[in-house]
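Residue numbers (full-length UniProt numbering): 1 to 714.
For glycine and all other residues, C-beta sits at the position ideal for the given N, C-alpha and C.
Keep in mind the model is a prediction, meaning the values are calculated, not measured.
Worksheet: the structure to be examined is printed underneath.
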Amino acid sequence: MKHIIYFFVSVLVILSAGACKKTDVDDKGYGYLYVSLDKDLSEDIVFKSTPEEFGMTFALDVINSAGTVCGHVDDYTSLAESPMTLPAVSFDYTAVAYSGTDGAAAFDAPFYSGSAKFKIAKDEMSNINIACSLANVKVTAEFSDDIKKNFSRYQLTVTNGAGTLVFDSAGEAPTVDKTGYFSATGTLSWTLELVNKDGEKYTASDTYSDVKARQYYNLSFSLEKEDEFGGGAFTIILNDSMDEKEYDLVLDFGDETKPEMTADFDYSEPVYITAGDASKKTLSLTSEDGFKSIVLEYTDPRTKETVSCELVGASTEVLGTLAGNGVIVASVPEGSKSVSVDISSYAGSLAIGESFFDVFMVDVNNVFDEERITFNVQSPVDVEAVSANAWARFATVEAKWFPASQPEGISFQYRKDTDSQWIDFDGSVSINSASRTYSAEIRGLEPKTMYRFRAVTAEDKETKELSFTTEAEGVIHNMSFDSWYKPDGSNAWYPNLDLSEANYVWDSANKGTSDLFIGSVTPTTPESDLVAVAGEGKKAVKLVSSTALGQFAAGNLYTGKFDKVSGLGAELDWGVPFVSRPLALTGYYMYIPKIIDKGTHNNMTGKTDIGQIQILLTDWNYPFHINTSKGTFVDFQGDPAIIAYGSFETSETMEKYQQFTIKLDYRDVTRTPKYIVIVAAASKYGDYFTGGVGSTLYLDEFEFIYDPDELDKK
1 MKHIIYFFVS VLVILSAGAC KKTDVDDKGY GYLYVSLDKD LSEDIVFKST
51 PEEFGMTFAL DVINSAGTVC GHVDDYTSLA ESPMTLPAVS FDYTAVAYSG
101 TDGAAAFDAP FYSGSAKFKI AKDEMSNINI ACSLANVKVT AEFSDDIKKN
151 FSRYQLTVTN GAGTLVFDSA GEAPTVDKTG YFSATGTLSW TLELVNKDGE
201 KYTASDTYSD VKARQYYNLS FSLEKEDEFG GGAFTIILND SMDEKEYDLV
251 LDFGDETKPE MTADFDYSEP VYITAGDASK KTLSLTSEDG FKSIVLEYTD
301 PRTKETVSCE LVGASTEVLG TLAGNGVIVA SVPEGSKSVS VDISSYAGSL
351 AIGESFFDVF MVDVNNVFDE ERITFNVQSP VDVEAVSANA WARFATVEAK
401 WFPASQPEGI SFQYRKDTDS QWIDFDGSVS INSASRTYSA EIRGLEPKTM
451 YRFRAVTAED KETKELSFTT EAEGVIHNMS FDSWYKPDGS NAWYPNLDLS
501 EANYVWDSAN KGTSDLFIGS VTPTTPESDL VAVAGEGKKA VKLVSSTALG
551 QFAAGNLYTG KFDKVSGLGA ELDWGVPFVS RPLALTGYYM YIPKIIDKGT
601 HNNMTGKTDI GQIQILLTDW NYPFHINTSK GTFVDFQGDP AIIAYGSFET
651 SETMEKYQQF TIKLDYRDVT RTPKYIVIVA AASKYGDYFT GGVGSTLYLD
701 EFEFIYDPDE LDKK
């Protein structure tokens, strides 16, 4: 059973050796790989189309002894114009040719592949043959004219365990005439379903084993009159074209009986029950001819997965598993004409939501019927609290409702855990009718406090309670910039009380510029005269962009630590530990920009300088290491570890302080920060040594905003 395409590969040897390990290459030079294709279309199975008609293109990989792909072309024919170059080595290469995609199952998508080993010799030509054959199992379905005449629908489902294809006569795009290709898993199972003109269903199934690639299963079904069954009796004959074996399915069109199911409750519409309702619910299954198969398929109440089991001939173990899920049924021998299935406990164990219970019945004459029960399990209350996302001064709470229509007066109540009196939420709720959920933002809360909340309606107040604890209002050291420190013998100022681990929060480029310019430049200094808030001991921070020895140095400030001078730039660590979630950063600034006269970045020469303040919250595992010489900077837009970001820029010349407020844009409202970065610069492009000499930015009295009501006033 072959369908083989032969590649005749001529090995000249130019493909680059760059993809191969250097240790694989000896001193034998290089050879040249050229591939031409011829096809041997001899076959034991008749295919309706040749590879050319499939429109196939064959790709080629060359693999070395280490398993590394040293060469690849999407179309082997391209090697006729541009041969590969491969190192001449002592080991064998492997050439792998393939066309199509190696999937589990697909219509009209064959996968061909083949491989061959070869050697490369310096400046020599050799030929290899690659036999490419079908790597799938091919399946087609055929139905005789008698079947098409007697049945309104005929459907064949085929699976290899990894993928499934349905050859169906119905639908807008019937698939019955398509060709199926399956990966070779060793087995192939089929299920035939026929529906006659009266809507009665017939089904049969079988499984093939020892299924291999290149085998072709043409499943051909036909009708044949069966006299021993009397008038109107037929046999379905299956010719699978492999072993010429037959599968007989008796269809007696004179038999008007079919399996039936009734129940002591109405299941013609979805069955609405309250969670925990285990009232009596029994199914009665009957068949005048006797049962051949009864399959129960239902939602497992614990795992939510679909469970399927056969009742006819079921073992004690299977019946025990069913009983454990609340489905009580006695042993069912083949030919049984009545079966009782008690699903009372099963229904009572279902979780809130929708669940299904399906029954598939086949009698001894292979007449098929199926029934579905849809359970819609509702809460004993109309609404229920679901979740809370607590911040420092507010919390976003969510709830869901269970009735088909939205209850009247849906809202929330909340209280401190230590209080007994509930507080009615008096704000507006956001409603999502599609998901039957609603949410609200409860404000006016206290930090680091446990609260309880519950969902309510106009009629229902006694519902499930959930709790949450508000976050702390975190601060960082010296946000007023009143504390400054200069080590003995140093010209570098630090906006910290000292350089202890607890107080070393702010830093600047002072240390670097002092070292680089031998103490002649100190861009960041304390300011005592121009302050936003007057008072004894009050100070601000003054950032001045300067130049020394022809090198531009922007006045800057950041949370983190200076590392070292690196070339003409610097290395520094951005970020200090921080686990709170402020809504904004506010403070005071005064800016006196100059015309940019240093650097050419972004064509800024001759334009007014820009002062900038940025804040970001991240869940980095450690501070971010900046290297200005190598161009290593934070990707403010693309770094996935950035949880929230905000920035402020100005080019306005000012004569007094003004207040700024930078609102943080949270990209994820569920993650907790690990680090905070606040960075300010008198020249926005100072990292690129671009700015105006003398541009000055004063900053004072930084503060975080945690209260959304306070932020609304800004």
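Next on the checklist: Checking the sheet assignment: what are the DSSP bridge partners for Ile294?
Outcome noted: Looking up residue 294 in the sequence shown gives position 294. Ile294 is bridged to Met361.
Checklist entry - Quick one: what does DSSP say Asp619 is sitting in, helix, strand or coil? => result On the sequence shown, position 619 is the one that residue 619 refers to. Reduced to three states, the DSSP call for Asp619 is coil.
Checklist entry - Going by beta carbon distance, what residues of the same chain come within less than 6 Å of Tyr494, once the five residues before and after it are set aside? => result Numbered from 1 along the sequence shown, position 494 holds the residue referred to as residue 494. Correct list, in chain order: Tyr485.
Checklist entry - Is it buried or exposed for Phe91, if we count other Cβ within 10 angstroms and need 16 for buried? => result Against the sequence shown, residue 91 aligns to sequence position 91. With a 10 Å radius around the Cβ and a threshold of 16 neighbouring Cβ atoms, Phe91 comes out exposed.
Next on the checklist: Using a Cβ distance threshold of 8 Å, determine whether the stretch 642-661 contacts the stretch 621-630, with at least three qualifying pairs required.
Outcome noted: Flag = no, the stretch 642-661 and the stretch 621-630 do not touch.
Checklist entry - Since Phe118 sits in a beta bridge, which residues does DSSP pair it with? => result By 1-based counting over the sequence shown, the position of residue 118 is 118. Beta-bridge pairing links Phe118 to Tyr93.
Next on the checklist: Taking a contact to mean a Cβ-Cβ separation below 8 Å, would you say Leu194 touches Tyr154 in this structure?
Outcome noted: Residue mapping note: residue 194 aligns to position 194 of the sequence shown, counting from 1. Residue mapping note: residue 154 aligns to position 154 of the sequence shown, counting from 1. Contact flag set, yes.
Checklist entry - Thinking C-alpha only, which one of Ile431, Arg443, Ser433, Thr418 is nearest Asp424? => result Mapped onto the sequence shown, residue 424 falls at position 424. Nearest Cα to Asp424 within the set Ile431, Arg443, Ser433, Thr418: Arg443.
Checklist entry - Roughly how many whole angstroms lie between the Cα atoms of Asn218 and Ala141? => result Taking the sequence shown and counting its residues from 1, one reaches residue 218 at position 218. Taking the sequence shown and counting its residues from 1, one reaches residue 141 at position 141. For the pair Asn218 and Ala141, the Cα-to-Cα distance works out to about 6 Å.
Checklist entry - Where do the ends of the beta strand (DSSP E) carrying Val318 lie? => result What you label residue 318 is simply residue 318 of the sequence shown in a count that begins at 1. Taken as a continuous stretch (DSSP letters only), Val318 belongs to no beta strand (DSSP E), being part of the alpha helix (DSSP H) at 316-324.
Next on the checklist: Tell me which residues share the same chain as Leu497 and place their Cβ nearer than 6 Å to its Cβ, disregarding the 5 neighbours each side in the sequence.
Outcome noted: Position 497 of the sequence shown, counted from the start, is the residue given in the question as residue 497. Closer than 6 Å at Cβ, skipping near neighbours: Ser483, Asn503.
Next on the checklist: Using only the alpha-carbon positions, how far apart do Gly230 and Gly199 sit?
Outcome noted: By one-based count along the sequence shown, residue 230 stands at place 230. By one-based count along the sequence shown, residue 199 stands at place 199. Confidence in Gly230 is poor, its pLDDT being 39 and thus under 50, which makes the residue's placement unreliable; the coordinate value appears in the next sentence. When rounded, the distance between both Cα atoms is 22 Å.
Checklist entry - Can you give, in chain order, each stretch of the beta strand (DSSP E) that sits fully within the stretch 641-669 and has at least 3 residues? => result For the beta strand (DSSP E) assignment, the uninterrupted runs of no fewer than 3 residues enclosed by the stretch 641-669 are, from N- to C-terminal side, 642-650, 658-663.
Item to check | Stretch-stretch touch, CB-based, cutoff 8 Å, three pairs: the stretch 667-685 with the stretch 577-587 | outcome: Touching, yes, given that three or more Cβ pairs across the two stretches are closer than 8 Å.
Next on the checklist: Three or more C-beta pairs under 8 Å: does that hold for the stretch 102-115 against the stretch 171-188?
Outcome noted: Three or more Cβ pairs drawn from the stretch 102-115 and the stretch 171-188 lie within less than 8 Å of each other, which places the two stretches in contact.
Item to check | Inter-residue CB distance, Ser222 and Asp146 (contact presumed, cutoff 8 Å) | outcome: In the sequence shown, residue 222 corresponds to position 222, counting from 1. In the sequence shown, residue 146 corresponds to position 146, counting from 1. Ser222 to Asp146, Cβ: 7 Å. Contact.
Item to check | beta strand (DSSP E) runs contained entirely in the stretch 189-230, provided each spans 3 or more residues | outcome: The stretch 189-230 contains these whole beta strand (DSSP E) runs: 201-209, 216-225.
Item to check | Where Glu53 sits in the DSSP three-state scheme | outcome: Indexing the sequence shown from 1 puts residue 53 at position 53. Here the model assigns Glu53 a pLDDT of 37, short of 50, so the residue's position is not dependable and the matter cannot be decided.
Checklist entry - Does the stretch 384-398 come close enough to the stretch 301-319 to have 3 or more Cβ pairs within less than 8 Å? => result No, the stretch 384-398 does not touch the stretch 301-319.
Item to check | Ala347, enclosing alpha helix (DSSP H) - first and last residue | outcome: Position 347 of the sequence shown holds residue 347. Annotation for Ala347: the continuous alpha helix (DSSP H) segment containing it runs 344-348.
Checklist entry - Going by alpha carbons, who is nearest to Ala682 out of Thr77, His601, Leu557? => result On the sequence shown, residue 682 is found 682 positions in, with the first residue counted as 1. When each option's Cα is compared against that of Ala682, the closest is Leu557.
Item to check | Exposure label - Asn366; buried when at least 16 CB within 10 Å | outcome: In the sequence shown, counting from the first residue as 1, residue 366 sits at position 366. By the neighbour-count rule (16 or more Cβ atoms within 10 Å), Asn366 is buried.
Next on the checklist: If contact is defined by three or more beta carbon pairs under 8 Å, each pair taking one atom from either stretch, is the stretch 370-378 in contact with the stretch 409-418?
Outcome noted: The stretch 409-418 vs the stretch 370-378: no contact.
Next on the checklist: Please report the straight-line C-alpha distance between Gly587 and Val505, rounded to a whole angstrom.
Outcome noted: For this step, residue 587 is matched to residue 587 along the sequence shown. For this step, residue 505 is matched to residue 505 along the sequence shown. Distance between the alpha carbons of Gly587 and Val505 is about 18 Å.
Item to check | Local Cβ density within 10 Å of Glu244, reported as buried at 16 or more and exposed below that | outcome: The residue you call residue 244 lines up with position 244 of the sequence shown. Its pLDDT being 42, under 50, Glu244 is placed unreliably by the model, and the measurement read from it follows with that caveat. Glu244 is exposed by the Cβ-count criterion.
Checklist entry - If you draw a straight line from the alpha carbon of Gln378 to that of Phe402, how long is it in whole angstroms? => result Here residue 378 corresponds to residue number 378 of the sequence shown, with the count starting at 1. Here residue 402 corresponds to residue number 402 of the sequence shown, with the count starting at 1. Each residue's Cα considered, the two are about 6 Å apart.
Checklist entry - By how many angstroms is the C-alpha of Pro87 removed from the C-alpha of Arg306? => result Numbered from 1 along the sequence shown, position 306 holds the residue referred to as residue 306. Numbered from 1 along the sequence shown, position 87 holds the residue referred to as residue 87. Per the sequence presented here, residue 306 reads as Thr, with Arg not at that position. For Thr306 and Pro87, the distance between alpha carbons rounds to 56 Å.
Next on the checklist: My output table needs one value for Glu244: the three-state DSSP class, helix, strand or coil.
Outcome noted: Position 244 of the sequence shown, counted from the start, is the residue given in the question as residue 244. Note that Glu244 scores a pLDDT of 42, beneath 50, so its modelled location is shaky; the value from the coordinates is reported in the next line. Three-state DSSP puts Glu244 in coil, outside helix and strand.
Checklist entry - Would a C-beta distance cut-off of 8 Å place Met604 and Ile596 closer than the cut-off? => result Here residue 604 is taken as the residue at index 604 of the sequence shown, counted from 1. Here residue 596 is taken as the residue at index 596 of the sequence shown, counted from 1. Contact check for Met604 against Ile596 passes: the beta carbons are separated by less than 8 Å.
Checklist entry - Under 8 Å, do Ala534 and Tyr657 count as touching if we go by C-beta distance? => result Here residue 534 corresponds to residue number 534 of the sequence shown, with the count starting at 1. Here residue 657 corresponds to residue number 657 of the sequence shown, with the count starting at 1. At a Cβ-Cβ threshold of 8 Å, Ala534 and Tyr657 do not count as neighbours.
Checklist entry - Would the beta-carbon of Leu664 fall within 8 Å of that of Ile642? => result Counting from one through the sequence shown, the residue named residue 664 turns up at place 664. Counting from one through the sequence shown, the residue named residue 642 turns up at place 642. Contact: no.
Next on the checklist: For Tyr622 and Phe562, I'd like the C-alpha separation in whole angstroms.
Outcome noted: Here residue 622 is taken as the residue at index 622 of the sequence shown, counted from 1. Here residue 562 is taken as the residue at index 562 of the sequence shown, counted from 1. One alpha carbon belongs to Tyr622, the other to Phe562, and they sit about 15 Å apart.
Checklist entry - Which stretch, first to last residue, makes up the beta strand (DSSP E) that contains Asp369? => result The count along the sequence shown starts at 1 and reaches residue 369 at position 369. Run containing Asp369: 367-378, per the beta strand (DSSP E) assignment.
Next on the checklist: Check whether chain B comes within 8 Å of Gly290, counting only Cβ atoms and requiring the distance to be less than that.
Outcome noted: Absent from the structure is chain B; it holds one protein chain and no more.
Next on the checklist: Looking at the secondary structure, which residues open and close the beta strand (DSSP E) in which Asp61 lies?
Outcome noted: As a position in the sequence shown, residue 61 is number 61, starting the count at 1. For Asp61, the enclosing beta strand (DSSP E) covers residues 59-63.
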